[in-house]
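For reference, each letter of the sequence shown is one residue, going 11 to 379 in my numbering. Note that the Cβ used here is the ideal one computed from N, Cα and C, for glycine as well.
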Amino acid sequence: MPSIGLKKLANPMPTEAPCLKVPKTDGEKTLTLANKLGLTDKTLIIQKDPTGLLCIPLTRKPEEKESALLKTQIPQLQLATQVFPEKIQQPKTLAEVLQNQLPPNLLEALPRALDIVGDIAIIEIPPELQTHKNLVGKAILKTHRSVRTVLAKAGAVSGTYRLREFDFIVGENKTTTLYKEHGCSYYVDVAKAYFSPRLSHEHNRVASVVQNGETVVDLFAGVGPFAVPIAKKHPDVKVYGVDINPDAVALLEKNARLNRVENRVYPIVGDARQIVNEKLRGIADRVIMNLPETANEFIDTACKAVKPKGGTVHFYGFIRLDETLEDMKQHFAEAVEKAGMKVESVSYAKTVRETAPHECQAVVDAQIR
Ligand SMILES: C[S@@+](CC[C@H](N)C(=O)[O-])C[C@H]1O[C@@H](n2cnc3c(N)ncnc32)[C@H](O)[C@@H]1O
11 MPSIGLKKLA NPMPTEAPCL KVPKTDGEKT LTLANKLGLT DKTLIIQKDP
61 TGLLCIPLTR KPEEKESALL KTQIPQLQLA TQVFPEKIQQ PKTLAEVLQN
111 QLPPNLLEAL PRALDIVGDI AIIEIPPELQ THKNLVGKAI LKTHRSVRTV
161 LAKAGAVSGT YRLREFDFIV GENKTTTLYK EHGCSYYVDV AKAYFSPRLS
211 HEHNRVASVV QNGETVVDLF AGVGPFAVPI AKKHPDVKVY GVDINPDAVA
261 LLEKNARLNR VENRVYPIVG DARQIVNEKL RGIADRVIMN LPETANEFID
311 TACKAVKPKG GTVHFYGFIR LDETLEDMKQ HFAEAVEKAG MKVESVSYAK
361 TVRETAPHEC QAVVDAQIR
């Protein structure tokens, strides 16, 4: 997430500074030593004098001890003072790029957060900036060199597939990209299958707690950000990845191959409830339930998937307004009991991210039997 400061750009003005003059052949050695001593002025551009000597700009005159060290290491070195041009700094923030193109109230309204998925940047454009969205998009291309496409959110995540609409702003008009996370690569199509880089920590955390030899059922697998790293980290673990969205499952299949875990990740298209009833009853040491909007309705399904001896469920839900994490744990425990099992312990419970004003996503890892 970029910071939107209002720092002024450095002017490319000539500045007088102390410097080290050395023959070109000693340039690298001198620079390394001057860097080690913390002497180099990196805001100024190294010059050549009329005799061909390199002039390395310094932030200050070297102390006696430092001069002695420099002269012992580089006998031909001379201390001097001269004028250097300043480096032109690349703009780092949207506000820096746009400071001469938007009035202060609109600079203040610039998006303070953006999601980067591979080479796609996804932003939320506030209403007052709608007429300037192209300008904002172009500024993002300038501040984020790896971004090729800028999309704006055009609605909330909705529907069974948990998708949202996007407006294309600038760059290459596309919604597909290659995204890398914790050593895994994913083909993502942000318009066709749910994906959020904001869950990156959770993807890695869950993969880290899986034990060797387990069978895992990911009830709402999406493009595979839980299933793929689990299989990659644990060569003797099998993961069933279920999703009702055929596009998500096609990407999961592709991602399993891309990460060379296609022999242990089993993508299945369909409704989690039906698939568990028909194919995955009592097989799981671990069940992942990342469908926070309606996961409550699938707790009985998770219980059916778990082995009779018990297993772990990673349950994601939303906490809204005055609800607490304790409430979420309690509702989960009640639903598990209703399904004929029991929560033996909760090994982890935490809010994961803010999803809206007065709403956050949370996770409960529970051992059930
Ligand atoms: C919030 S997304 C999570 C995807 C993935 N686990 C991730 O973290 O990126 C929820 C997924 O559940 C899928 N889904 C919704 N209802 C479902 C159902 N009844 N059975 C199986 N999958 C379902 C959606 O298509 C969506 O891909």
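With a threshold of 16 other CB atoms inside 10 Å of the CB of residue i, please say whether the residue is buried or exposed.
i: ASN287; result: exposed
i: GLU211; result: A quick correction: the sequence has His, not Glu, at residue 211. By the neighbour-count rule (16 or more Cβ atoms within 10 Å), HIS211 is not buried but exposed.
i: ASP332; result: exposed
i: TYR197; result: buried
i: ASP51; result: buried
i: ASP188; result: Correcting the residue type first, residue 188 is Leu in the shown sequence and not Asp. Exposed, by the Cβ-count rule.
i: ASN98; result: First, the residue type needs correcting, since residue 98 is Ile and not Asn in the sequence shown. The residue in question, ILE98, is exposed, as its Cβ has fewer than 16 Cβ neighbours within 10 Å.
i: ARG296; result: buried
i: PRO277; result: buried
i: ARG172; result: buried
i: SER13; result: For SER13, the predicted structure reports a pLDDT of 31, less than 50, and the residue's modelled location is therefore unreliable. The matter cannot be settled from this model.
i: GLU344; result: exposed
i: VAL219; result: exposed
i: PRO235; result: buried
i: GLY354; result: Residue identity check: residue 354 is Glu in the sequence provided, not Gly. Per the 10 Å Cβ criterion, exposed.
Pick from the options: whose alpha carbon is nearest that of residue i?
i: ARG155; options: LYS184, LYS102 and ILE133; result: LYS102
i: GLY223; options: PHE176, LYS243 and GLU263; result: LYS243
i: ILE293; options: PRO24, VAL227 and ASP51; result: VAL227
i: MET23; options: GLU38, GLY48 and THR53; result: THR53
i: THR311; options: LEU139, LYS348, GLU106 and PRO67; result: LYS348
i: GLN57; options: SER77, ALA90, GLU73 and ARG70; result: ALA90
i: VAL1; options: GLU354, GLN340, LYS152 and THR322; result: An answer regarding residue 1 cannot be provided, because it is not within the stretch 11 to 379 covered by the chain.
i: PRO114; options: LEU139, GLU191, LYS319 and VAL275; result: LEU139
i: LYS184; options: GLY350, GLY62, LEU262 and VAL160; result: VAL160
Tell me, which residues are paired with residue i by DSSP?
i: GLY321; result: ILE378
i: LEU161; result: ILE132 and PHE178
i: LEU297; result: Here the sequence assigns Val to residue 297, which means Leu is not the residue at that position. Paired residues: VAL227 and VAL323.
i: LYS97; result: Partner(s): none; LYS97 has no beta bridge.
i: LYS384; result: What the structure shows of the chain is the stretch from 11 to 379, and residue 384 is not part of that stretch, so it cannot be assessed.
i: ALA235; result: One detail in the question is off: residue 235 reads as Pro in this sequence, not Ala. Bridge partners of PRO235: none, in fact.
i: ILE329; result: CYS370
i: TYR196; result: TYR189
i: GLY251; result: ASP228 and PRO277
i: TYR358; result: ASP375
In angstroms with no decimal places, state the Cα-to-Cα distance between residue i and residue j.
i: VAL346; j: ILE309; result: 6 Å
i: PHE176; j: ALA164; result: 5 Å
i: LYS34; j: LEU41; result: 11 Å
i: THR365; j: ALA166; result: 11 Å
i: LYS314; j: GLU369; result: 29 Å
i: ALA305; j: SER168; result: 14 Å
i: LYS360; j: GLY181; result: 38 Å
i: VAL279; j: VAL259; result: 6 Å
i: VAL127; j: ALA282; result: 27 Å
i: PRO247; j: PRO367; result: Residue identity differs from the one stated: residue 247 is Val in this sequence, not Pro. Those two C-alpha atoms are separated by around 39 Å.
i: ASN214; j: VAL373; result: 14 Å
i: LYS352; j: LYS317; result: 13 Å
i: ASP36; j: LEU79; result: 15 Å
i: PRO137; j: LEU112; result: 15 Å
i: ARG70; j: GLN109; result: 32 Å
i: ARG363; j: ALA123; result: 14 Å
i: THR334; j: GLU118; result: 33 Å
i: GLU26; j: ASN45; result: 19 Å
i: SER195; j: LYS264; result: 10 Å
i: LEU261; j: VAL271; result: 14 Å
Would you mind stating whether residue i and residue j have Cβ atoms separated by less than 7 Å?
i: PRO207; j: ASP257; result: no
i: CYS29; j: GLN86; result: no
i: ILE240; j: ALA266; result: no
i: GLN371; j: PRO302; result: yes
i: VAL249; j: ILE285; result: no
i: PRO95; j: ILE133; result: no
i: GLN88; j: LEU43; result: no
i: VAL323; j: ILE378; result: yes
i: ASN269; j: VAL233; result: no
i: ILE179; j: ALA162; result: yes
i: PHE205; j: ASN300; result: no
i: LEU104; j: LEU120; result: yes
i: PHE325; j: PHE342; result: yes
i: PRO72; j: LEU49; result: yes
i: SER357; j: ASP337; result: no
i: CYS65; j: LYS31; result: yes
i: LYS143; j: ILE135; result: yes
i: ARG158; j: ASP129; result: yes
i: GLU74; j: LEU47; result: no
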